[in-house]
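These notes are about the structure you will find just below.
Protein chains: 2
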Amino acid sequence: MQEATFMGQAAQAPSGTRDFLADELRRRTAAVTAVSEVFERYGFDPLETPAFERLDVVTGKYGEEASSLLFKILRRGVHEASGQADLALRYDHTVPLARVIGTHGSKLPSPFKRYAIGPVWRADRPQDGRFREFVQCDVDTVGSHSPLADAEVVYAVADGLQALGVEDFRFLVNSREALRGLLEVYGVGLELGDGVLATLDKLDKIGEEAVAGELAERGVATATAEAVVADIAADSPDRLRAKLETNPRGKQGLAEIDRMLELTGGLEGRIAFAPRMVRGLDYYTGAIWEVEAVGYPGAVAAGGRYDQLVAALGGSDMPAVGGSVGIERILATQETAADDRRGLDVALTALGHSEAGTLRLARALRGRGLRVGTYLGTSGKLAKQLKWADDQRARFAVIRGADEQAAGEITVRDMATGEQHRVADDDAVAQIERLLGH
Amino acid sequence: MQEATFMGQAAQAPSGTRDFLADELRRRTAAVTAVSEVFERYGFDPLETPAFERLDVVTGKYGEEASSLLFKILRRGVHEASGQADLALRYDHTVPLARVIGTHGSKLPSPFKRYAIGPVWRADRPQDGRFREFVQCDVDTVGSHSPLADAEVVYAVADGLQALGVEDFRFLVNSREALRGLLEVYGVGLELGDGVLATLDKLDKIGEEAVAGELAERGVATATAEAVVADIAADSPDRLRAKLETNPRGKQGLAEIDRMLELTGGLEGRIAFAPRMVRGLDYYTGAIWEVEAVGYPGAVAAGGRYDQLVAALGGSDMPAVGGSVGIERILATQETAADDRRGLDVALTALGHSEAGTLRLARALRGRGLRVGTYLGTSGKLAKQLKWADDQRARFAVIRGADEQAAGEITVRDMATGEQHRVADDDAVAQIERLLGH
């Protein structure tokens, strides 16, 4: 198609956003459908919230850094001139989930098991493959303390990854309580706790020495910092178990991990206790996990229990556990295979005055579920129309020239081999289906 | 689930927006899928553009009234304090389509046949069932003058309506050229043309007298205004044909209508020339149509040819034809049938210490594609757990009490009849599939 100019120059999609053309969009839609079907099998229900929330609902929920990444919507009408915002685009699916529990509480089943797959918007710098509009794929159970709920989320995510074609993966499990227990053992005050864990989470990024240094800056004695870092970096379950032997909090954390491993035994070797896996986010309270997969950078999924978050978001006190599949990261790593491109089953050329007959045949073929295009250009030349059929990746082209029309027939051309068949008009649909192997 | 309060009171979704809970969302997703499948059969390709466009891309594209309905996004970071906007939420799918032609021109097939089904946002007053976030369902062919393209859109929309369960519908066809020809016959200057047509479009709303009055205000002589209104209101093809006999523009319009009726003969009586059907929008240039359906208020679909719009939106000069299915109106009119509600195939109760076995069975059943829930609550009482299974609309509940565990069996309970079957653990999946009739 001829390049068009827009406002004198080709306008682009806004920075950090993408237009999804057919092939890529079909691949994305198929991925979302596949994951949805898995979540449905686990009894999770779909939930869709508006693209934006009231600014007062999200304000103060994400911390300072995240708040600066909100896309805020200007007030409208006479209030527009105020330059003030009253709405903000969805930043994640979690705050909307907490809000929905407030709005619809009594209408929701208990526990509330929901999945949400849809775009969120963050005004991050659009670089390093980061987008400002991207799909998050979340599954959460709100209202259950049961470890079965934790295990169910893990299984659902594992099956979701497989549905996305990620086979060679491994769940790394840890527990916030075990990690806090370790800090207790070393006498690190709990008031330093979450910050310390956020720092420990950087081990893979900045290394042991830098992490120990940052812990010292946070007020942990140097020798203690080095010992804690060494324990975590060793990534040895036995070593951590030994350290936590006499610490009640730590032992509770180990019990959470063991229960998780017991209940997810069906993953057969694809789940393990990984003391080094810390997770940076503050809000986790119990078992936490991350999934690494061969061929994919970083984590392809992550989650855990967050029993205080719904209350912290302004909802009532409610236990919760959830996970998120990194669908954008997975889609970005997988290539669009050439045969993902969807062509036409049948391309109908249009020669002479046979349009009504062409549309009749098109309609009959579409009625059989086939994907059918008709030539809409201006050329009366067969070669040009067959070139169009080829561009459309058509398996067969139908030709209805003067000859064919006089004989009450059509020619069906196999676009791969060039082989042609003459077929009676009356029999056209059945013959084309036969040629397509239907 | 217990009502939660959010910020001290139950927060709502923003005014004019909706949360879609499971049953309704599944119905909406099924509707979108059904229409998409129809459009795919017609060789249209899906297109998804970002939720927002650059403000300079949309500014001046919609006219004054529509511009005041844009949701504008505040600049971010250090620019936030300026109170200025630089982005706007998508107002329709048409301006993004024109922009995409500018951005991706040479990568797009020619003609470019695309469908777009997704939310748009308008800051309308949220009343009369109008929403500020609603789904538009558009199909357009850009780059073809062929009447086949017009007919293809009509057929695709007709099949789309049927896929949505709208059976008893009728296409009303007219032509902008025929209507402009009629105005020429009466000596109404073309400079008054579009405004006059917008007024004529109000016939059903405000009646003949008021329309004639408004035409007079627009500068049409009173007698002429009354004559034009009478011709349109009569809704008689023969009368309009007679009037246009000697007017070249009018005759071209009639030819467009006749061609459309010829090419859409397959709709058998569900399409007709309707002189009274005018369509208010300025941008149509050729054949136009609207669809009325028994049981639905207003039009359930509409469309037409708009050969100058893409250029007017800043793209290059490109013929175009399209249609829009009123999917929100259709969904709002149809009731969610009780059996649209999706229940569980199997609800697994959890008694005693059988969780690992319960999860194993759950996994095996889910592996067979069944929708399976496990009890995640705290009650150890079977009656309470069966109540949960009932709330989940489960077809079968599985019970694994101490008895069953000792015998290596499970009990499968038909939740509708109360009938119970004892089944060996090893045979559980096969027996449950048999009971489900799979």
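Heads up: the protein sequence lines correspond to chains A and B, in order. First residue of the first sequence? That's 1 in UniProt numbering, and the numbers climb one at a time after it. First residue of the second sequence? That's 1 in UniProt numbering, and the numbers climb one at a time after it. Heads up, the beta-carbon is just placed ideally off N, CA and C, and yes, glycines get one too.
Collapsed DSSP secondary structure at A/Lys205 in the structure displayed
Position 205 of the first sequence, counted from the first residue, corresponds to residue 205 of chain A. Note: A/Lys205 maps to helix in three-state DSSP.
State the beta-bridge partners of A/Thr411 as determined by DSSP.
Along the first sequence, read from residue 1 onward, the residue named residue 411 of chain A stands at position 411. A/Ile399, A/Arg422.
Indicate whether A/Thr411 and A/Gly401 have their beta-carbon atoms separated by less than 9 angstroms.
One-based indexing of the first sequence puts residue 411 of chain A at position 411. One-based indexing of the first sequence puts residue 401 of chain A at position 401. Yes, they are a contact pair.
Would you report the Cα separation of B/Ala11 and B/Ala225, rounded to the nearest angstrom?
In the second sequence, counting from the first residue as 1, residue 11 of chain B sits at position 11. In the second sequence, counting from the first residue as 1, residue 225 of chain B sits at position 225. Computed Cα separation, rounded: 53 angstroms.
What are the residues that DSSP puts in a beta bridge with residue 455 of chain A?
Chain A is shown only over 1 to 438; residue 455 of chain A falls outside these bounds and no answer can be derived.
So if I threshold CB-CB distances at 8 angstroms, which residues from the region 141-169 of chain B count as touching chain A?
Thr141, Val142, Gly143, Ser144, His145, Ser146, Pro147, Leu148, Ala149, Ala151, Glu152, Tyr155, Asp159
Cβ pair B/Leu70, B/Ala123 closer than 9 angstroms:
Looking up residue 70 of chain B in the second sequence gives position 70. Looking up residue 123 of chain B in the second sequence gives position 123. Yes, they are a contact pair.
Rounded to the nearest angstrom, what separates A/Val58 and A/Pro297 at their Cα positions?
If you number the first sequence from 1, residue 58 of chain A lands on position 58. If you number the first sequence from 1, residue 297 of chain A lands on position 297. Computed Cα separation, rounded: 31 angstroms.
Give me whichever residues DSSP pairs with B/Asn174 in a beta bridge.
As a working note, residue 174 of chain B is residue 174 in the second sequence. Per DSSP, B/Ile288.
Just the Cα atoms here: how many angstroms apart are B/Asp168 and B/Val38?
Sequence index remark: in the second sequence, residue 168 of chain B carries index 168 (1-based). Sequence index remark: in the second sequence, residue 38 of chain B carries index 38 (1-based). Using only the alpha carbons, I get a separation of about 18 angstroms.
Presumed contact (8 angstroms Cβ cut-off) between B/Tyr62 and B/Tyr91, rounded CB distance
Along the second sequence, one-based indexing puts residue 62 of chain B at 62. Along the second sequence, one-based indexing puts residue 91 of chain B at 91. With 8 angstroms as the limit, B/Tyr62 and B/Tyr91 qualify as a contact, their Cβ atoms being about 6 angstroms apart.
Taking Cβ-Cβ distances shorter than 8 angstroms, what residues in chain A pair up with B/Asp77?
For the purposes of this step, residue 77 of chain B is taken as residue 77 along the second sequence, with counting starting at 1. First, the residue type needs correcting, since residue 77 of chain B is Gly and not Asp in the sequence shown. Simply Ser68, Ala123.
Let me know the secondary structure DSSP gives A/Pro126 once reduced to three states.
To locate residue 126 of chain A, count along the first sequence from 1; it is residue 126. A/Pro126: coil per DSSP, three-state reduction.
So is A/Ala312 in contact with chain B if we call contact Cβ pairs under 9 angstroms?
Here residue 312 of chain A is taken as the residue at index 312 of the first sequence, counted from 1. Not one chain B Cβ lies under 9 angstroms of A/Ala312.
Beta-bridge partners of A/Ser324, as assigned by DSSP:
Position 324 of the first sequence holds residue 324 of chain A. A/Ser324 pairs with A/Asp138, A/Ala302.
Just mark residue 439 of chain B as buried or exposed, buried being the case when its beta carbon has 16 or more other beta carbons within 10 Å.
Since the first residue shown for chain B is 1 and the last is 438, residue 439 of chain B is missing from the structure and cannot be characterised.
Using the beta-carbon of each residue, which ones in chain A are nearer than 9 angstroms to B/His93?
Position 93 of the second sequence, counting from 1, holds the residue named residue 93 of chain B. Those within 9 angstroms of B/His93 in chain A number zero; the least Cβ separation is about 12 angstroms.
Proximal chain A residues relative to B/Asp391, where beta-carbon distance stays under 8 angstroms:
Numbered from its first residue, the second sequence carries residue 391 of chain B at position 391. By Cβ distance, chain A contributes Pro109.
Since A/Arg54 is in the beta strand (DSSP E), which residue starts that stretch and which ends it?
Looking up residue 54 of chain A in the first sequence gives position 54. It spans 52-54 - the beta strand (DSSP E) in which A/Arg54 sits, taken as one unbroken run.
Can you confirm whether A/Val325, when its beta carbon is compared against all beta carbons of chain B, has any partner nearer than 9 angstroms?
On the first sequence, residue 325 of chain A is found 325 positions in, with the first residue counted as 1. Answer no: the Cβ-Cβ gap between A/Val325 and chain B never drops below 9 angstroms.
Across the region 154-161 of chain B and the region 298-318 of chain B, are there enough close Cβ pairs to call them in contact, namely three or more that are closer than 8 angstroms?
yes
Cβ contact check for the region 256-274 of chain A and the region 133-146 of chain A: 3 or more pairs under 8 angstroms
no
Does chain A have any CB closer than 9 angstroms to the CB of B/Phe396?
Stepping through the second sequence from its first residue, residue 396 of chain B is reached at position 396. For B/Phe396, the answer is no, since every Cβ of chain A falls outside 9 angstroms of its Cβ.
Based on Cα-Cα distance, which residue from A/Val95, A/Glu292, A/Tyr284 lies nearest to A/Gln308?
Your numbering for residue 308 of chain A matches position 308 in the first sequence. Nearest C-alpha to A/Gln308: A/Tyr284.
Do you know how far the Cα of B/Phe131 is from the Cα of B/Arg18?
Within the second sequence, residue 18 of chain B is the residue found at index 18, counting from 1. Within the second sequence, residue 131 of chain B is the residue found at index 131, counting from 1. Their Cα atoms are separated by approximately 8 angstroms.
What's the C-alpha gap between A/Glu328 and A/Ala272?
For the purposes of this step, residue 328 of chain A is taken as the residue at position 328 of the first sequence. For the purposes of this step, residue 272 of chain A is taken as the residue at position 272 of the first sequence. One C-alpha to the other measures close to 25 angstroms.
Locate the beta strand (DSSP E) running through B/Lys72, then write down its first and last residues.
The sequence position of residue 72 of chain B within the second sequence is 72, counting from 1. Run containing B/Lys72: 72-74, per the beta strand (DSSP E) assignment.
Determine the closest residue to A/Pro14 out of A/Trp121, A/Gly187, A/Val321, with distance taken between C-alpha atoms.
By one-based count along the first sequence, residue 14 of chain A stands at place 14. Nearest option by C-alpha distance: A/Trp121.
Best match in B/Leu281, B/Gly322, B/Thr358, B/Leu74 for proximity to B/Ala98 [C-alpha to C-alpha]:
Numbered from its first residue, the second sequence carries residue 98 of chain B at position 98. Cα-wise, what sits closest to B/Ala98 is B/Gly322.
Is the beta carbon of A/Val185 sitting closer than 9 angstroms to the one on A/Gly118?
Translated into positions along the first sequence, residue 185 of chain A becomes position 185. Translated into positions along the first sequence, residue 118 of chain A becomes position 118. Their beta carbons are not under 9 angstroms apart, which means A/Val185 does not touch A/Gly118 by this criterion.
For B/Val153, is the classification buried or exposed, using 16 other Cβ atoms within 10 angstroms of its Cβ as the cut-off for buried?
Indexing the second sequence from 1 puts residue 153 of chain B at position 153. Answer is buried; the Cβ neighbour count reaches 16.
What three-state label does DSSP hand A/Gly253 in the structure shown?
The sequence position of residue 253 of chain A within the first sequence is 253, counting from 1. A/Gly253 falls in the helix class under three-state DSSP.
Can you confirm whether the region 364-374 of chain A touches the region 35-55 of chain B when touching is taken to mean that 3 or more C-beta pairs between the two stretches lie within less than 8 angstroms?
yes
Is the beta carbon of B/Arg305 closer than 9 angstroms to that of B/Arg341?
Residue mapping note: residue 341 of chain B aligns to position 341 of the second sequence, counting from 1. Residue mapping note: residue 305 of chain B aligns to position 305 of the second sequence, counting from 1. For B/Arg341 and B/Arg305, no; Cβs fall outside 9 angstroms.
Would you list the one or two residues that DSSP bridges to A/Glu133?
As a working note, residue 133 of chain A is residue 133 in the first sequence. BP columns for A/Glu133 point to A/Trp121.
Go through its chain and collect everything with a Cβ distance to A/Ala216's Cβ below 8 angstroms, but skip five positions before and after it.
As a first step, residue 216 of chain A is located in the first sequence; it is residue number 216 there, counting from the start. Closer than 8 angstroms at Cβ, skipping near neighbours: Thr222, Ala225.
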